[in-house]
RNA sequence: GGAGAAUUGGCAGAGUGGUCGAAUGCGGCAGUCUUGAAAACUGUUGUACCGUAAGGUACCGGGGGUUCGAAUCCCUCAUUCUCCGCCA
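Numbering (our numbering), first residue to last: 124 to 545.
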C-alpha cells in the first residue's frame, strides 16, 4: 500500500510512473486525494467536538467533587447535542477512513525507473544469460523420466489428493531433500538465519505482505479457523516483522526458510501445467531481507548474484529477466526473474523471482526503524526464491539424462549420496 | 474439549467511575561529582494522527456497549497461566 503522504506530495510522479504498468490512475489518485481531504476535515471537526465535550465532562466532575449536584446535572443536559454530533462525526470519519483504505489497496507499487515498459512477459528485458544448453538426442520429458525411474508419481497424487499434488518417491524424494538442504546451507553461508515458520497464517499476515485482499482466490483457506495455507514462505517470514520497530544497527536482517507452498492456481489450466511445471503444492527455499531504504537496491543486487550462484553451481542454463511493467507483481517496485532451460521440453521455466518492495509491504506491516533523529521510518522489504524446487528438478532430470541414467550435479552428490539416478 | 485466573508504558508493578497518559521501582537519556569509570544525587524519558502553529484527538490485549465522564462496569473475541480430560 502506498503511503498517503507520498500520494499527497508526489501525485504527478506516481501517475507518470504507473503508466509503465499500462495503468492510467489519474482519476483514482484524484479520488483518493478527495476522500483524504474529506477525511481530514471530518476528523478535525470530530476532534473539536470531542475537545468540547471532554472539557464539559471534566467540569461536571469538578462540580460533583464540590458537592454542587444541581449545577452538575444542569451541565449534563448541555452535552446531549454534542454527543449526537460526536456520534455522527465518528461514523463519518470511520466511513471515510475505510473508503480511503480500500482505494489505497487498489493502487499497485510504483515501479522503479529501471522497469521497462511492456504488456506481457514477452516484453521482459533479458539482462544476463549463462550456462550451456545441452543437446539431447531423443530427450525425454521429466514426467516420462520420472515414471521410467519411479521418481515421482503424479497419478497417485490425484488419487490421494488431486491434480498438482505429486508423490516423490525413492531417489526422487532424496533428490528433493538434497536440494532443500543444499539451498539452506548455501543461504546460511550468505548470512541468512534459518527459520522454520508456520505453514498457515491468519488474515492480518496475508494483508501484511499483500496476498490479501488482492489475491484472495489464490490461497487455500481453512474457513473453520479462518487461516490460510501459505503460498510462499515470504508470508510468515516477512510477517515476523509486522508491527515491529527494528533497531537501525540490526540491518541487514536476513532470514531464510524452507517451506512447502500451496497455491490454488485458479484459472490456470491447459498448457504449461504438465508434470512439475505447475503444482498446487511445491517446495521452495525463500530468502527475505529487511533493509534500510538507502541500502535496499544494493541488497537486491546481492540477492540476484546469490541466486545466480545457485543455478551456476547446479550447472543449469539460465537467463535473468528484468520484469516489464505489465508483468511486474502488484506489490513490487523492481523484480528480476530467473529462468532455467529445460532441454527436453525446450522451454524456459521460471525458478526464482527476486523483488524489492521498498516501503509498499512495510507500510501495511507497520515495519519501521528509528533513524538518526529517533524518528520512525518505514523499512524496505525484499525477497526472492532461492530456489523453487519443482522446475529445478524438471530441468535437472531433463538436462542431465543419459542412456545410463540421470547424472546428479556434483554439488548435490554429498547431499543425495548417489551420483546417478538409475 | 471443560473449569478458573489473568492481559496496564522498554521491563516489573500500582491503580475498581472524574483532576489518570496513568503512582512507584528498574532500565534509557542528560547533568552534578570524579583524572576516568562505578556509586550517589538531580532532571528527563510512550506512540500515532490532525494542525503552519498554539494546541488538540486517540491509545491501559482487539472489537463493541453503558455513562455527562471508563484502565476501572457490561458483552464479545484473542492470547497467557493453573487444574481436569484427550493426544503426537
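Idealized CB from N, CA, C, for every residue including glycine.
Computed from a predicted model, the values in this text were never measured in an experiment.
Using the C-alpha atoms, what's the distance from residue 354 back to residue 431?
About 23 Å.
Can you tell me the Cα-Cα spacing of residue 493 and residue 374, whole angstroms?
About 11 Å.
Taking only three categories from DSSP, how would you classify residue 388?
Residue state, collapsed to three classes: coil.
Identify whether residue 498 lies in helix, strand or coil by the three-state DSSP scheme.
It is coil, neither helix nor strand.
Does the beta-carbon distance from residue 496 to residue 357 come in below 7 Å?
The answer is no: Cβ separation not under 7 Å.
Could you give the uninterrupted runs of the alpha helix (DSSP H) lying entirely in the stretch 169-213, keeping only those of 4 residues or more?
None, since the stretch 169-213 contains no complete alpha helix (DSSP H) of that length.
Would you check if the distance between the CB atom of residue 539 and the CB atom of residue 387 is smaller than 7 Å?
Not a contact, by the Cβ cut-off of 7 Å.
Where do the N-terminal and C-terminal ends of the beta strand (DSSP E) with residue 406 fall, by residue?
Segment 404-414, the beta strand (DSSP E) holding residue 406.
Where does the unbroken alpha helix (DSSP H) through residue 329 begin, and where does it stop?
Segment 326-332, the alpha helix (DSSP H) holding residue 329.
Alpha carbon to alpha carbon, what distance is there between residue 474 and residue 380?
Roughly 16 Å between the two C-alpha positions.
Using only the alpha-carbon positions, how far apart do residue 173 and residue 199 sit?
Going by the C-alpha atoms only, they are around 15 Å apart.
Could you please give me the residues that DSSP links to residue 524 through a beta bridge?
The partner list for residue 524 (beta bridge, DSSP) reads 529.
Out of 156, 330, 406 and 210, which one is the CA nearest neighbour of residue 301?
That would be 406, whose Cα lies nearest to the Cα of residue 301.
Is any non-hydrogen atom of the ligand FAD found closer than 6 Å to the C-beta of residue 436, if you look at the structure I gave you?
The ligand FAD is not part of this structure, which contains no ligands at all.
Tell me which residue opens and which closes the alpha helix (DSSP H) that residue 253 is part of.
Element bounds for residue 253: not the alpha helix (DSSP H) but the beta strand (DSSP E), 248-253.
Determine the burial state of residue 217: buried for a count of at least 16 other Cβ atoms within 10 Å of its Cβ, exposed for fewer.
It counts as exposed.
Along the chain, where does the alpha helix (DSSP H) that runs through residue 357 open and close?
Segment 357-362, the alpha helix (DSSP H) holding residue 357.
Thinking C-beta only, is residue 368 closer than 7 Å to residue 487?
No. Outside cutoff.
Hey, how far is the Cα of residue 154 from the Cα of residue 130?
Roughly 11 Å between the two C-alpha positions.
Are the Cβ atoms of residue 272 and residue 544 separated by less than 7 Å?
Yes, the Cβ-Cβ distance between residue 272 and residue 544 is below 7 Å.
Measure the CB-CB distance between residue 234 and residue 444 and report whether it falls below 7 Å.
Cβ atoms of residue 234 and residue 444: not closer than 7 Å.
Whole angstroms are fine: how far does the CA of residue 195 sit from the CA of residue 179?
Using only the alpha carbons, I get a separation of about 10 Å.
With the cut-off set at 7 Å, would you say residue 158 and residue 306 are in Cβ contact?
Cβ atoms of residue 158 and residue 306: not closer than 7 Å.
Let me know the secondary structure DSSP gives residue 507 once reduced to three states.
Strand at residue 507.
Near residue 484, which residues of its chain fall below 8 Å by C-beta distance, leaving aside the five closest residues on each side in sequence?
Cβ neighbours of residue 484 beyond the five flanking positions: 331, 332, 333, 361, 454, 490 and 504.
Determine the contact status of residue 456 and residue 479, defining contact as a CB-CB distance below 7 Å.
Against a cut-off of 7 Å, the Cβ pair of residue 479 and residue 456 comes out as a contact.
Do the stretch 156-171 and the stretch 240-258 make contact, defined as three or more Cβ pairs closer than 8 Å?
Verdict: no, contact absent.
With 16 other CB atoms within 10 Å as the buried threshold, where does residue 533 fall?
Answer is exposed; the Cβ neighbour count stays below 16.
Under the DSSP definition of a beta bridge, which residues are partnered with residue 344?
DSSP lists 351 as partners of residue 344.
According to DSSP, what are the bridge partners of residue 442?
The partner list for residue 442 (beta bridge, DSSP) reads 252 and 462.
With distances taken Cα to Cα, identify the nearest neighbour of residue 464 among 311, 476 and 519.
Residue 519 is the option with its Cα nearest to residue 464.
For residue 481, which of helix, strand or coil comes out of DSSP?
Strand, per DSSP.
Please state if the CB of residue 429 and the CB of residue 253 are separated by a distance shorter than 7 Å.
Cβ atoms of residue 253 and residue 429: not closer than 7 Å.
What residues match up with residue 457 in a beta bridge as DSSP calls it?
Looking at the DSSP assignment, residue 457 forms a beta bridge with 479.
Nearest to residue 255 by alpha carbon, out of 282, 435 and 312?
Among 282, 435 and 312, the Cα nearest to that of residue 255 belongs to 435.
By how many angstroms is the C-alpha of residue 197 removed from the C-alpha of residue 188?
Cα to Cα, residue 188 sits roughly 15 Å from residue 197.
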